[in-house]
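Heads up, the thing below is written out as structure tokens.
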Amino acid sequence: MTQTRKVGIAGLGSYVPERVMTNDDIAQMVDTNDDWIVQRTGIRERRIAAEHEDSGSMGSIAAQRALEDAGVDAADVDLILCATTTPDKPFPTTACHIQETIGAKKAGGFDINSACTGFVFAYNTAAQFVATGAYHNVLVIGTEKLSTITDWQDRNTCIIFGDAAGAMLLRPLEDAGRGELLDMSISTEGGQDDVLEVPAGGSRQPLGHEEIEQRLQYMRMGGNKVYKFAVSTFTRLVKKHVYAPYGIDDLGVIVPHQVNMRILESAQERLAIPDEKIFNNIEYYGNTAAASVPLAFDQAYREDRLVKGKLVMCPAFGAGLSWGHFLVRW
Ligand SMILES: CC(C)(COP(=O)(O)OP(=O)(O)OC[C@H]1O[C@@H](n2cnc3c(N)ncnc32)[C@H](O)[C@@H]1OP(=O)(O)O)[C@@H](O)C(=O)NCCC(=O)NCCS
1015 MTQTRKVGIA GLGSYVPERV MTNDDIAQMV DTNDDWIVQR TGIRERRIAA
1065 EHEDSGSMGS IAAQRALEDA GVDAADVDLI LCATTTPDKP FPTTACHIQE
1115 TIGAKKAGGF DINSACTGFV FAYNTAAQFV ATGAYHNVLV IGTEKLSTIT
1165 DWQDRNTCII FGDAAGAMLL RPLEDAGRGE LLDMSISTEG GQDDVLEVPA
1215 GGSRQPLGHE EIEQRLQYMR MGGNKVYKFA VSTFTRLVKK HVYAPYGIDD
1265 LGVIVPHQVN MRILESAQER LAIPDEKIFN NIEYYGNTAA ASVPLAFDQA
1315 YREDRLVKGK LVMCPAFGAG LSWGHFLVRW
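1015 is the number of the first residue of the sequence shown in this note's numbering; add one for each residue after it.
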């Protein structure tokens, strides 16, 4: 990638709703149990947004926290990119709602949707604006109220997902002082809707009584296909972008999309990554799609897991199929 200006990470922030839903709570709704869920996914609990909360309100809190961390005023934000699969409304964009809530008066903004890969794709987009010199302060947000598209009668999917938000403020490296962007990528492969999709509610199949009766407004997932795709993609991305050009000694920590503990452990084993070089929080938050990478990144930062001068690798994968990464030096 040709950069005219180096890109850095000036601020990090996140938000999780207060309500905790445990596996035992889910076992009251569908035929499952804590042991099965922990064994197959590593998830013990997830957060569920309150009725009055939406992706915009959660994203706004995460954004405010990232600005506070950077010491930058909302009035100085130039651009807001909001990655979400669960926008507040079909339009206007959730980025506009966040702009209004945080008071980023001079900013422009738009949404990016690539499901679980959304934040990484938004980061890739945001970094171009900073690298070219078009904008100085770019807020990248990943926010999801997945509980609204979760089928609470489907034990195959409802055990996996949760609600959350995370944000990053990107600035030129000379102002950010950390998180130098080294490499990033965006990839997709269409024609794989059966792996992971919400079948209805768009222009192809608008929501009518029949669709609602068949529960087509909710997520559907071919769990085994996702599993194989995620393990092989994670492994390939880390080999190609970390191990080949740098090596494991230069790696500080991998902060992956929190897809599922078994997937992460399987990839970790194949790559012989020691425990201290991978950050997981899926046990407590489940898979929060576009919010997952910035939430984990912020927590890794606050828990001092990012190693000064070493690499932080963020690989993500999800519906589309889609996959991508960004690699920074902390
Ligand atoms: C969803 C997932 C946990 C299912 O685990 P699995 O080991 O593949 O389980 P299977 O789908 O093969 O089902 C095995 C059995 O468990 C049952 N089962 C499925 N969900 C269950 C649940 N929540 N509780 C108890 N039993 C369950 C199935 O009905 C099946 O029973 P059967 O053998 O009597 O037919 C697993 O496929 C997975 O982790 N996939 C990736 C999902 C993911 O990460 N999605 C996010 C993408 S970004």
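Quick reminder that beta carbons are idealized off the backbone N, C-alpha and C, glycines included.
- Between the alpha carbons of residue 1056 and residue 1276 lies a distance of about 7 Å.
- For residue 1096, the three-state secondary structure derived from DSSP is strand.
- Judged by DSSP in its simplified three-state form, residue 1293 adopts coil rather than helix or strand.
- Selection 1117, 1315, 1100, 1085 evaluated against residue 1094 yields 1117 as nearest (Cα-Cα).
- Assignment of residue 1217 by DSSP, reduced to helix, strand and coil, places it in the coil class.
- Taking every protein chain shown into account, the CB of residue 1223 has fewer than 16 other CB atoms within 10 angstroms, so this residue is exposed.
- Taking C-beta separations shorter than 6 Å and ignoring five residues to either side along the sequence, the partners of residue 1235 in its chain run 1171, 1210, following chain order.
- The alpha carbon of residue 1250 has as its nearest neighbour, out of 1035, 1290, 1135, 1282, the alpha carbon of 1282.
- The straight-line gap separating the alpha-carbon atoms of residue 1230 and residue 1213 is approximately 5 Å.
- As the crow flies, the alpha-carbon of residue 1164 is around 11 Å from that of residue 1062.
- Contact between the region 1174–1183 and the region 1326–1334 is absent: fewer than 3 CB-CB pairs across the two stretches fall below 8 Å.
- Approximately 4 Å separates the beta-carbon atoms of residue 1156 and residue 1304; this is inside 8 Å, confirming the contact.
- Annotated as distal: residue 1338 and residue 1127, with beta-carbon spacing of 8 Å or more.
- With respect to the C-alpha of residue 1027, the residue from 1309, 1344, 1336 having the closest C-alpha is 1309.
- Classified as exposed, residue 1253 has fewer than 16 neighbouring CB atoms from the shown chains inside 10 Å of its CB.
- Closest by C-alpha distance to residue 1320, out of 1293, 1218, 1115, is 1293.
- Nearest in C-alpha terms to residue 1330, of all of 1199, 1154, 1091, 1021, is 1199.
- One alpha carbon belongs to residue 1284, the other to residue 1336, and they sit about 21 Å apart.
- Ligand 1 has a heavy atom closer than 7 Å to the beta-carbon of residue 1055.
- By the C-beta density criterion, residue 1316 is exposed, having fewer than 16 other C-beta atoms within 10 angstroms.
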